[in-house]
Every structure is written in C-alpha cells, then in structure tokens.
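Structure first, commentary second.
Chains as they are written, first to last, in this note's numbering: chain L, 11 to 169; chain U, 26 to 794; chain E, 13 to 295.
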C-alpha cells in the first residue's frame, strides 16, 4: 500500500511525514518522532497509557491512525514540560507519590491536564469520574487522587 | 531529621515525569530487526510439521527459527524449587513435537522493518497441528480418564506437612465444619508487558540483553547456561521496568530463544510482548481450592484442621511453581494457634498457561480460606468475629516461633516478631467496628445490606538466599550505590539512597543508585518476595558501614588521631568530643585517590565496599484489613465503602512509599476479590485475554482507604525491616469476602469463592432462598 | 497487536465517500474508529480500504427540527454529550453518552459510528431504538431513511447496505413532563453493561403516563425494545409489575461476564429501576 503524507502539529512543531495508513498515532509518535512518553500497554483502547491531547481534548493514541490526525494538533507529555521545569500536575505527582513504575503516569497527567482545564476545582467524585479511563496497576489510585487535589492547589484553582 | 524513616519525594520521579523514562520498548539500536513469536492456537496438539517457506520467501524476512534450528538436547526451563518427588514436567524452550497450552511458542520470526511487518509474516508460517483432547481445570485433570498433559499422571507433585495429630483431634472435637474455598486464577498484569532486546557483541564474543525483568542476574545465569558462553560474555540490563508483580521474576523461553538467535542474526533483535500475548505467555497465579475440615469448641477455639489444597498450575513447571501450593497450605494457620494440622497440597497440570508466584503468592489463598473459616465458626458459636480471632491468636511473647513446617526454597517457617492482637485491636478501632454494627442494623431496617469483614494475614517476606550491596565514594565525595535488587517501580533509588545517606551522613542528593545491569553489579538476586528493603537494604547498610570504617582508618592519619577516637557523622569524620577537628568525606575520599602515596595502614586506592547479605531466616510481616461493603441484593453488585489496613512491615525507611505499596496491594486484592479472573473454556481456549474482558480495577472501583503502620522491628536485620510489597494484596480478598458474607448473613447466603462478581453473589443469594 | 495493511482515503463529500466505498468490495467506513481500530489491532477485521468520513462536509451538526433532533453522523459523542440543546430536548441521549466508554473515547467516537457498529451492549444504538428514532443513509441509489426497528439486524449487523453511508441520526425531541433514566449493571464504570435499561417517558396533564420508551442493552444480539413492559406501563401497571415482563422475547447468550439467566434477571431489575427513576423525574 502506498504511504500517505501527513502534517501534524506535535507539541507546537509542524511534523511532516510519509506514513502507511495502518500506522497508529501512538507508533508514529514513538517510532517516527521518538516521543516515547506515550506508552503502549494494551493497544486496544482500554488502559489509557497512550492518552494524548488532540486539538486540546484527550484521546487514545492507540485508537487513532496517524492519517486521521493529519492537520491536527497533538500534545504529548513531552509537550507539557518546558526545559527541566515540571508543570504543576507533574510536581503534584512527585510531591504526593502519585506514581510507582511510571508507565501509566503520562496518560494520567494528560487526562488530568484536560480535566483541570475544563474544571479547575473538581470534587473528588468529579476526579474519579474524570480518571475512569486510565488504569494504574501500582498505586491503587489513592495518591493519584491526592496528586490531583495538590495540582488544583498548585495551579491556584483551590477554593 | 534523619533521612531514614522520612517520607521524602522519590529520586526517580522527575525524570519519569518529563517523559525521560527508558522502558524496554523505548530503546532503539542501530540496525535493529523485529521479532514475533508464532504461538500455538491449540491448548493441546501434536505438531506434525512447520512450513515456513511462504514466510521465508518474503524479502523482508531475516529468518524463521523453529526448534529444529537450535542444537538438539537443549534442556527445558528449570524449576528451582522442585522437590525430589516432583515429576519433570518442564517447559521446552520452543515446542517441537507437542504444544500444551494456547500461546506456547513454536517459532520465531525475525524481519526488517517493524512489528507490523513481523505480524504480517508470522501469519504466513503454516504449522500443521493435530489437536488433542485438553483439560483446563484441576478437577477435570484429576478425573480417572482425563487426557494426560504430559505422561503417567496429571499430578506433578503432592506436598504433605503435618503438625500434631489432626485426625484424632478432629474426631474428638465438639464441632466440625467442612467446606471448599476457591480462589480463582488471576495475574499480575503489569501495565508494561515483557520485552527483550538482544545484541550480539563481537568484542566480547557474547551478548547484551535488555529485558523487562525483575531478575537480571538470574537471567544472565540462565543465558550463560543455554548459550554455553563464559560468564563474562553475557550482560543483562533491566531498563526502567513498568511494573512486574512477580510476572517478570523468572527467565522465560522468549529470552532464551532470542539469546540463542543473537549470534546467528548478528544484528540487534527487538521483541515486545503485546497484551494478548501477555495473557497467554506470561505466568498466571493463584488458582487453588482448599477442601478443609476444621474442629472447634463452643468458645470458638480451633482445635485441629485438615486441609487438602489443589492447585491448577498450568501446562509446565516454572521456576518457582511449587511456592503457590506450598505457601497455600503452610501459611494457612497464619496468626492462629492450631495445634493439630494435616496439610496436603496436590499440584495438578492442565492445558493452561503456567503458574508462577505473583504478589502475595499462596498467602492470598491461605488467608482467604482461614479468615472465612473463622467467620463461619464465629457465626456458628454466636461470638463476635473479632473476639474469635483474639481467642485463637498467638500472643506477643511467643517469638521466635517455630511452626514445624518448611520446604526446599523457603526454609523452615519461623515467625520472628510481631503483636497480632494489638494489630487486630487497632484495625477494629480504626474501622469503628461497633459504630458500623449500629449503622448496619439501621440500614437493614431500610432494606440495605451493609457488611464488615476482617482479613488478617501473616506473610513470609525477605527471602534469601542473599542480596548484594556495594557503596563507593568518589574522590569528590559523591556516593554511588550498586544493588543486586532491581526496581520495577518500588522506589529502590530513593530508599537505598536514604539508607546510605543515613549511614554516611551525606546528602540524599549526593547518592546515586545503580541497579539492573550485570556488568555494573557483580552479583544479585533481584526483586520479589518483598525482599529488597530487608535484604537489599541491609546489604547496602552493611556496605556503607564498611565505608565508615575505611573512612575512619584513612582519616586517622589526616587528623593525627587513633581510629577508635573518630566517628563519622554529618558527612565528615571527626574526633569524638571535639567536632572542630574533622575532615569531610570528600577529603577522605580524595586522600585515597590514585597518584599519591596511601596513608599508613591503608592498602587500597578506593573508598569502596561490598556486602553480600545472607539473611539467617525469612521475616514475617503481618497485617489486619477491615473492609466495609454494601451489597445490592437485587443484582448481587458489591460496592466497597471503606478499607482499613493496619500493617506491620517493621521499621519503615520511607512511610510514604510503604503507604503506596500497601494501597497498590489492596487495589490488586480488590481485583482478586471482585473483578479479576483469567477464564478458560473446557477446551483450554482463553476466554478473556484482553483488557476489555479481563477486569483490572479502575479508580471507580476503589473504596476510601486508610493505612496505618505498626512497627515491631524484626531482630533478623540491624534496621528491623520486614517486607512491605505484598501484604496489601494478601489481606484484601479475605476482608472483602468476609464483609460480603457478613452483609448477606441474615439471608442465609454463603460465600466460599472469589471473585465476588455480581452474578456469583446473586447466585449465593438465590441458593439461600 | 498491530493492524493489518490497508489503504486509506479521506473524501470531502458524501458523493466522494460513496464512490470510494463502491470502488472496493472490501472497503470499510471509518467513523471515529473507536470500535473499529481495536478489531484491526486484534486482526479480527481485514479491510483493504478505509474510507474516513471525518473530512466529509455536512456530517457534523446538531439540528433542531422542532419535534425531532437530527444529529450528523460524524458529530463527536463528546460534543453531543455537552450540547445544551441535546440536554434539553433529548435528555436520555445526553445521559446515555456519559456511560459510553470514557472521555478519551467520546472525544473521537461519533454518533453515527457507534449506531452503525450496532454493538448490542452499546448505549447509542439502544437509545435510537428505544426512542423510535431513525437513521438517514445515502448510497449509490440515493437517500433513504431506516426506522430503528428495521435497523438492527443482529450482532454488529444493520440493514445499512454495502456501499451505503449513514449520514445522520434522528431522534424525537422530548415534550414537557418528560422523565428519563439510564440504569446499568457494569463491572467497572465505563465498561459495556451486563445489562442496561434506557427509559424515557412522558406524563399527561393528569400525571398519567402517555408515552413510554424502554430499551434494553446487553441482553441479545442487538439492542432490544421492551414492548411488553411499555404496554403494561401504558395500561397503568406500576414499575415493579411492568418490569416483570422485561425478559419477554429476550434470549441473551451466556459469556464470560454473565449467564443468560442472570442477564434476564437484570433486565427486570434495571427496567424496574429505570421506570421508577424516569417517573420520579417526570413528576
């Protein structure tokens, strides 16, 4: 099959590439652009480890073909960090021990980024509903919820 | 404040949070080719032939390898805890004449390009199978006319242990109860699957293998054996590991096959297991039922127990296959005084994925069985379940306590320390047991069914045989720690730096921890069995202690003092009682940098010490979980309300991280209690080998969680540390099952198995009515 | 778990899409892909061409037609979920969407994609069926509408013909004194339900039920409408009595998550609860 030309804005940079139709966005980011923070843990859209932002909304990068993202804006975990400075959500994960093996963490951070953009001061129930699509096998989620609450404070959104 | 015992942020995190983690699948090497395995779609079949001609014809194929391409006579994978009686049902590294479970590897396909192409081409390999009758449950495998997975019998071993005279005591007991308790098959399912990269290294005429493993040194030893290479020709590196939970604690066939292929291919080969493969080809755990007969008196005291456990261990022995059946019976009595025990553990082979230990191995089934027994007795004699536990528990003055049971690998079971009664009391108080009882009563009046349940466990942790720790002080005073333990997310870098900084009085940020590389770390065992803190941590503590002695020896000349008058504190060596007279650790290290004469009495140009710590015996953690639930009796749906844990893992290095271990363990236990089950059809076909149908707990399944710590130090290591990684997973299923049973007790329903999915609970209610 | 090889085209008009679809007998429509791509990853589907409707003009809209709401097939589920018009005029649809997967799925998944996929446990086909909606399709022979009762033909199967494209989903808009409810029994929030009841009903001025719609998901090879229950409610039965009729005509299969019998039992329980809640909301 012939390759398809795509131009995708990834973390603020226009990236043009020729890709086969079947190449998932997750593999495009990981294999073509070396953006390896987008992790693959199930490749069938359940675990959320590959969550990225597409035009500002979370999506599973394993459930999108690269060609579908042509002309769109994609943000990965790498795009949230400027230099060595951690953003408030990442700082909150560090402070509250919101991560152990770290494999699910990028997906959580991006999901939380969108959650807090939509709702800067979510209730605990809203946090739990918002994170329902991300699986973590290490933490039992307790400290992830605490990290979200900490991030609310760090972002100045706390009441 | 001392760094030891402080809840400080992890060293590991900033890097991972920036996306700079380096997990196996993130690694790319120049000229890398891609591998996939052709796996059996049959649970049981003869392999009549493999035709790879269509695959090989594709120009992108590097090679297709089958058993015939490897030297004949390669031994099967070892089972290192095999007893003399264990039949040799070990796994060949690549199936040749027969396959015995769905997912067993039969060929290796290596291609140029990527995994997409590799999967395309694997589909072209034509394997001619002659399907055979299969068995998937232990009961089916034990039937007289069952198909044989191997030969002679499907029973690979029967383990028997006995204390006292259970038969006579049972016969004399005022009351007995008989029941079967069933724990299902489930698995660790780390978010990161397994994966391997191997590169032939012509310079050393050997290989470098990166593998997502908990045991790089064991893997190296295995590869040395299979490849016939000298020890210095094999290097194994475990990069960042995205969770393991026991699933990555043994060398696997894929690692051996790829190691064997490396020289032939001559280019780096990458294989990353996908989630479907993971369900088929990575080890499972638990599946075990217990047929028990228990004798007790009117006061609820247990007089004797006879337990016959049966474990469905899958198609092949794995490295530590017998741990599940051994622990399942040997730890049955947990914290309770049971004078007479007869324990039989039958290990059965079936046409399913093999079992190997994962988080909580054997203890989960033991605690579920015992804790359910206690509640059944409590109900029968009409005494509060907490009180029945107290009456049967060991007191705090019995340690060390020899339980009269042991096995090849785990050694004799000797409880080392604890206060079980105090732990129970604290857990009941924190859970507000009496208040909940009142709430429960008023809820019942409204037709709502609340329940509360206890899950007490004792857990064997800190297994030997040894672990290595090496501490080196650079001439600039910074410290590097090398450990044979290997992180899969626990936070080794952080806690071992805390120990080192505490011992040497240096800053936390001045310590770097290295693990997971067999070239850099001379010897090691790895991370499993809740051993890294008590064993690995003690080795590092001891090595740092040796550094202290060396530093004092070196500083003696610098300070013109006698070594016995010196102490190391706050990162400097100083004269006791006159702290102004001191040299920094950096100055001390600089004094033995090469290029100058050594101080008198010092014979090495390094400040470097290694300790290999062999624990005398294992240390036993324990804890008490109290769960509260609500059961929807119309649907059987269980909603978790609150989960209290009081845990004793001895002295804590970093309470924040231990909280995380316990909470994560509880979540895994919740999975086992309510959600997770690896299901097979009677024909051995897997029914839910994906994350859609295999139900890892999500955030919405979690209750409010409260974790408290007791710290009764173990006398077995200087810091008093016991294992902390698994207990959460052990106590939770027992507590939750008891809470569910308690909720529906007024309706006469009986709970004897996990997972307690809604239909299971609904059926129990139907059977009662 | 990588998709097999296929080609891809992203036409910008319905005509272009129909032509592309007609050009290849193994072509499949890509309408968000949140159900299709997992099938590709497991290699359970092997199309030679994917025709992506994402760039087709005119398929992304929510249109108020008075007594009907018409939603373009490629309108993303997230947009519909958050749309005030939908919340107002079709509250059952709005609430159902909160049960569809997770936010990350709904941001890419489309209304038309889910309806055309026709998963028997999915909420959107159930809502369209329950409400007596219809779909608009366009094919080489022109436009036609398919009533929901005719749409769902079996497991992942609809009466949309090969070469046709679903362009819009139409549901009746609710009137005053409408109550609704979505009751599901699922193992984890966001999972496909073991059984779900989707109910919308309307009361007359006297407070009697003048119209009731009850759809059941997860209890057959397609979404089911509980006609017997609806008739009983209209005849004045209370929710508990009416819900006893929910299993009528159902023959769910057993699978790894639930047995047939248990699903039938859940049909009664979820129907009862959904009717009860919908009545409360209407009152």
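Quick reminder that beta carbons are idealized off the backbone N, C-alpha and C, glycines included.
Three-way DSSP call (helix, strand, coil) for residue i in this model
i	result
residue 251 (chain U)	helix
residue 38 (chain L)	helix
residue 577 (chain U)	helix
residue 184 (chain E)	strand
residue 195 (chain E)	strand
residue 295 (chain U)	strand
residue 448 (chain U)	helix
residue 379 (chain U)	coil
residue 370 (chain U)	strand
residue 214 (chain U)	coil
residue 103 (chain E)	helix
residue 60 (chain L)	coil
residue 106 (chain L)	helix
residue 274 (chain E)	helix
residue 841 (chain U)	Residue 841 (chain U) is absent from the model: chain U starts at 26 and stops at 794.
residue 319 (chain U)	strand
residue 19 (chain U)	Lying before the first or after the last residue shown, residue 19 (chain U) is absent from chain U, which here runs from 26 to 794.
residue 453 (chain U)	helix
residue 72 (chain E)	coil
residue 583 (chain U)	helix
residue 343 (chain U)	coil
residue 493 (chain U)	strand
Cβ neighbour criterion (16 or more within 10 Å) applied to residue i
i	result
residue 630 (chain U)	exposed
residue 688 (chain U)	buried
residue 32 (chain U)	exposed
residue 27 (chain U)	exposed
residue 239 (chain E)	exposed
residue 245 (chain U)	buried
residue 93 (chain L)	exposed
residue 633 (chain U)	buried
residue 36 (chain U)	buried
residue 557 (chain U)	buried
residue 143 (chain U)	buried
residue 772 (chain U)	exposed
Straight-line gap, residue i to residue j (C-alpha atoms, nearest Å)
i	j	result
residue 233 (chain U)	residue 494 (chain U)	23 Å
residue 385 (chain U)	residue 319 (chain U)	24 Å
residue 693 (chain U)	residue 601 (chain U)	51 Å
residue 268 (chain E)	residue 704 (chain U)	7 Å
residue 129 (chain E)	residue 37 (chain E)	18 Å
residue 408 (chain U)	residue 360 (chain U)	19 Å
residue 169 (chain L)	residue 162 (chain L)	Its pLDDT being 48, under 50, residue 169 (chain L) is placed unreliably by the model, and nothing is read from it.
Among the options, nearest to residue i - alpha-carbon criterion
i	options	result
residue 86 (chain L)	L:46, L:163 and L:75	L:46
residue 535 (chain U)	U:293, U:582, U:665 and U:526	U:526
residue 140 (chain E)	E:20, E:251 and E:229	E:229
residue 144 (chain E)	E:208, E:255 and E:79	E:79
residue 115 (chain L)	L:95, L:148, L:133 and L:138	L:148
residue 204 (chain E)	E:49, E:44 and E:133	E:133
residue 136 (chain L)	L:120, L:145, L:155 and L:146	L:155
residue 170 (chain E)	E:124, E:187, E:193 and E:294	E:124
residue 15 (chain E)	L:24, L:74 and L:41	L:74
Chain L contacts from the segment 513–544 of chain U (Cβ-Cβ distance under 8 Å)
For chain L, the residues of the segment 513–544 of chain U that bring a beta carbon within less than 8 Å of one of its beta carbons are 513, 514, 515 and 516, in chain order.
Near-chain E residues of the segment 637–671 of chain U (beta-carbon distance less than 7 Å), N- to C-terminal order
For the segment 637–671 of chain U, residues whose beta-carbon sits nearer than 7 Å to a beta-carbon of chain E comprise 659, 660 and 662.
Taking a Cβ distance cut-off of 8 Å, strictly less, list which residues of the segment 59–74 of chain E are near chain L, in chain order.
Per Cβ criterion, the list reads 62, 64 and 66.
Residues, ordered as in the chain, of the segment 110–124 of chain E that lie near chain L by beta-carbon distance below 8 Å
Residues of the segment 110–124 of chain E whose Cβ lies closer than 8 Å to any Cβ of chain L, in chain order: 113, 114, 115, 116, 117, 119 and 120.
Against chain E: residues of the segment 437–468 of chain U by CB proximity under 7 Å
For the segment 437–468 of chain U, there are no residues whose beta carbon sits under 7 Å from a beta carbon of chain E.
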